[in-house]
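Since the structure comes first, as structure tokens, the remarks are kept for the end.
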Amino acid sequence: MEGEPVRPDATRGSALVTAVIDAARKHCMTAAERAHYGIFSGRVWGTQISPQIRDLIYRYQPG
Numbered sequence: 001m002e003g004e005p006v007r008p009d010a011t012r013g014s015a016l017v018t019a020v021i022d023a024a025r026k027h028c029m030t031a032a033e034r035a036h037y038g039i040f041s042g043r044v045w046g047t048q049i050s051p052q053i054r055d056l057i058y059r060y061q062p063g
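Everything in the sequence shown is counted per UniProt numbering, starting at 1 for the first residue and increasing by one.
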């Protein structure tokens, strides 16, 4: 809610893409020798980054 403090520790049943999350749900990925732009566009995005984010989202889907 707008104006409410963010409490990642209270989030249940969903994934967060954030730097602040408990260790049990934290997932780290590294794209070696890539700058910010290179991570979010082109081949690296399609073959390395996007599949990991997709899998993380599906892992926390209900059911």
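Even for Gly, the Cβ is constructed at its ideal location relative to N, Cα and C.
Just so it is clear, the structure is predicted and the values come from calculations on it, not from any experiment.
Uninterrupted alpha helix (DSSP H) stretches at least 4 residues long and entirely within the UniProt domain "PHB de-polymerase C-terminal" (16–60) occur at 36–39, 50–59, given in chain order.
For the pair residue 17 and residue 31, the CB atoms are not nearer than the 7 Å cut-off.
Distance from residue 20 to residue 5 at the Cβ level is roughly 12 Å; contact not present, criterion being Cβ atoms closer than 8 Å.
The beta carbon of residue 52 is closer than 8 Å to those of 27, 29 in its chain, skipping five residues each way along the sequence.
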